[in-house]
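Start counting the sequence shown at 0; every next residue gets the next number (numbering that gives the first Met the number 0).
Where is the CB? At the ideal position from N, CA and C, for every residue including glycine.
A short write-up of the structure that comes next.
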Amino acid sequence: MVRIINGKNVKILAHIAYKCFRLQEIFTHIKEFNNPGISPCIYALWHENQFLIHGIRDRKNLSVLISTSIDGEIVAGVCDKWGFKVVRGSSGKKGAVESTMQMLNWLKEGKCVTIMIDGPHGPLHKVKNGVVKLAQMSGAPIIPVHWYSPQKTFVHLPSWDKMKTPLGDCNILNIYGKPIYVNEHATDEELTKVKENIKSQLYELEKNEKEYYNEALKQKIWKKR
Numbered sequence: 000m001v002r003i004i005n006g007k008n009v010k011i012l013a014h015i016a017y018k019c020f021r022l023q024e025i026f027t028h029i030k031e032f033n034n035p036g037i038s039p040c041i042y043a044l045w046h047e048n049q050f051l052i053h054g055i056r057d058r059k060n061l062s063v064l065i066s067t068s069i070d071g072e073i074v075a076g077v078c079d080k081w082g083f084k085v086v087r088g089s090s091g092k093k094g095a096v097e098s099t100m101q102m103l104n105w106l107k108e109g110k111c112v113t114i115m116i117d118g119p120h121g122p123l124h125k126v127k128n129g130v131v132k133l134a135q136m137s138g139a140p141i142i143p144v145h146w147y148s149p150q151k152t153f154v155h156l157p158s159w160d161k162m163k164t165p166l167g168d169c170n171i172l173n174i175y176g177k178p179i180y181v182n183e184h185a186t187d188e189e190l191t192k193v194k195e196n197i198k199s200q201l202y203e204l205e206k207n208e209k210e211y212y213n214e215a216l217k218q219k220i221w222k223k224r
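What follows is the structure in structure tokens.
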């Protein structure tokens, strides 16, 4: 079977995807709720919510870790055109080291990074070690992020992670958790607790998403465009 996405057409597909996202951008209204505004920091999110990076302010100072797969090439192309700093990484030792060093340098410059902590291939909602190690090495806090909208135009795609995306006019809320700091001398047991904290906070944000959204409505934040 011929693979639809391959090295020959990936740039064309990235360009088409970017054009589609730019059209959707007109109808996408993302606001932030409880962003602690810490810089540098490491935004941690589930793979299904990766499009929420569009709602994080100051994107020129935000890098995004994206896999080196062909599918990741499309995402990287879109992010680059949108003004994000793209860091390519793989699960292999060499690729992981290179991407970690790039992100460390970015954090040392006082800028922020974003990591889909259960990507790029799952298992779903399993916090992998990379985000915790990066926080330990850099001293930058991990900030869990979730997004939500009750509108019918906020849909799940038929992918392994049930990725969420707006399709049409949609008000969306980016909801931020509490900063999580990792001691540079933390034991393996303490690092495991950090991973549990990240997962717990993300689940808590999802559990209370409607409450946060209703509070945002009371504050009329979408009328402050």
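At which residues does the alpha helix (DSSP H) containing Leu201 begin and terminate?
Translated into positions along the sequence shown, residue 201 becomes position 202. Asp187 to Lys206 is the extent of the alpha helix (DSSP H) around Leu201.
If you reduce the DSSP assignment to three classes, tell me which class Ala13 lands in.
For this step, residue 13 is matched to residue 14 along the sequence shown. Helix at Ala13.
Distance check for Gln23 and Lys10, CA to CA, integer angstroms please.
Taking the sequence shown and counting its residues from 1, one reaches residue 10 at position 11. Taking the sequence shown and counting its residues from 1, one reaches residue 23 at position 24. CA-CA distance, Lys10 to Gln23, rounds to 20 angstroms.
Is the stretch 177-197 touching the stretch 133-144 in the sense that three or more CB pairs, one from each, lie closer than 8 angstroms?
yes
Which residues in the same chain have their Cβ closer than 6 angstroms to the Cβ of Val227, if we skip the five residues on either side of it in sequence?
Outside the shown range of the chain (0 to 224) lies residue 227, about which nothing can therefore be said.
Exposed or buried, Glu47, counting other C-beta atoms within 10 Å across all chains shown (16 or more means buried)?
On the sequence shown, residue 47 is found 48 positions in, with the first residue counted as 1. The residue in question, Glu47, is buried, as its Cβ has 16 or more Cβ neighbours within 10 Å.
Smallest Cα separation from Asn173: which of Leu106, Glu72 and Gly36?
In the sequence shown, counting from the first residue as 1, residue 173 sits at position 174. Nearest C-alpha to Asn173: Gly36.
Across which residues does DSSP place Met115 in a beta bridge pair?
The residue labelled residue 115 in the question sits at position 116 within the sequence shown. Beta-bridge analysis with DSSP links Met115 to Leu44.
According to DSSP, is Ser137 part of a helix, a strand, or is it coil?
Residue mapping note: residue 137 aligns to position 138 of the sequence shown, counting from 1. Looking at Ser137 - three-state DSSP - the assignment turns out to be helix.
Measure the C-alpha to C-alpha separation of His124 and Lys206 and round it to an integer number of angstroms.
One-based indexing of the sequence shown puts residue 124 at position 125. One-based indexing of the sequence shown puts residue 206 at position 207. Cα to Cα, His124 sits roughly 15 angstroms from Lys206.
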